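*Asks:* The sequence shown begins at 4 in our numbering and counts up one residue at a time.
For glycine and all other residues, C-beta sits at the position ideal for the given N, C-alpha and C.
Everything numeric in this text was worked out from a predicted model, so none of it was measured.
For reference, the structure I am asking about is given below.
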Amino acid sequence: MASSKLQHEIKKRTPFRSAEQEAYLNLMRTSDLLHNRMGRFFREYGLTASQYNVLRILRGEGQPMPSLEIAERMIQVVPAITGLIDRLEKLGLVERRRCEQDRRVVYVEITSPAKKLLARIDKPLEKMHKQLLGHLSRSDLKQLSSLLEKARDTEGE
Numbered sequence: 004m005a006s007s008k009l010q011h012e013i014k015k016r017t018p019f020r021s022a023e024q025e026a027y028l029n030l031m032r033t034s035d036l037l038h039n040r041m042g043r044f045f046r047e048y049g050l051t052a053s054q055y056n057v058l059r060i061l062r063g064e065g066q067p068m069p070s071l072e073i074a075e076r077m078i079q080v081v082p083a084i085t086g087l088i089d090r091l092e093k094l095g096l097v098e099r100r101r102c103e104q105d106r107r108v109v110y111v112e113i114t115s116p117a118k119k120l121l122a123r124i125d126k127p128l129e130k131m132h133k134q135l136l137g138h139l140s141r142s143d144l145k146q147l148s149s150l151l152e153k154a155r156d157t158e159g160e
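See the structure below:
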């Protein structure tokens, strides 16, 4: 059996134990590459990918949101949403206020400087997405998204 591209890239001498193992390792290698590139991109703007994600969620919602709801919408699960919001608040990118009816609920609101920062990021980020995945056809991208969604659907397990 011919060796796969991944097998060659990681200099693996023997074939993978299963197609599932090869697919998983391909996914992890690709994820790592994309994650590192995006991390460098966001550092240029003084943010992490998770901080950007919080700001993107708040901008999209258009109104203050409870911090726990923000956590539920995150692309990457963040164990400490409070610390993430603390850092954004110190940067002046969000403001917090307690709910008057339920003091346990904390609302987070995006600030004007954060909206301006996101506006600066939008076009370069679109360009970055095209650099990373623009060589794939629209059909390939739809199929990739569909397969990734299918891979995440392990509820039956």
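(1) Mind reading off the beta-carbon distance from Asn-56 to Met-41? Whole number of angstroms is fine, and I expect it under 8 Å.
(2) Keeping to the same chain, check which residues put their C-beta closer than 6 Å to that of Ala-117; ignore five residues upstream and five downstream.
(3) Pick from Leu-87, Ala-22 and Leu-151: whose alpha carbon is nearest that of Met-54?
(4) Which stretch, first to last residue, makes up the alpha helix (DSSP H) that contains Arg-90?
(5) Are the stretch 32 to 50 and the stretch 109 to 129 touching by the rule of at least three beta carbon pairs closer than 8 Å?
(6) Quick check on the burial criterion: 16 or more other C-beta atoms within 10 angstroms. Buried or exposed for Leu-71?
(7) What beta strand (DSSP E) runs, 3 residues minimum, are completely inside the stretch 101 to 130?
*Replies:* A quick look at the data gives this:
(1) The Cβ separation is near 10 Å, so there is no contact.
(2) Counting only Cβ-Cβ distances below 6 Å, and skipping sequence neighbours, we find Leu-58 and Leu-96.
(3) The sequence shown places Gln at residue 54, not Met. The residue with the shortest Cα to Cα distance from Gln-54 is Leu-87.
(4) Counting along the chain, the alpha helix (DSSP H) containing Arg-90 begins and ends at 84 to 93.
(5) Contact between the stretch 32 to 50 and the stretch 109 to 129 is present, because at least three Cβ pairs lie under 8 Å.
(6) Result: exposed.
(7) Entirely contained in the stretch 101 to 130, the beta strand (DSSP E) runs reaching 3 residues are, in chain order, 109 to 113.
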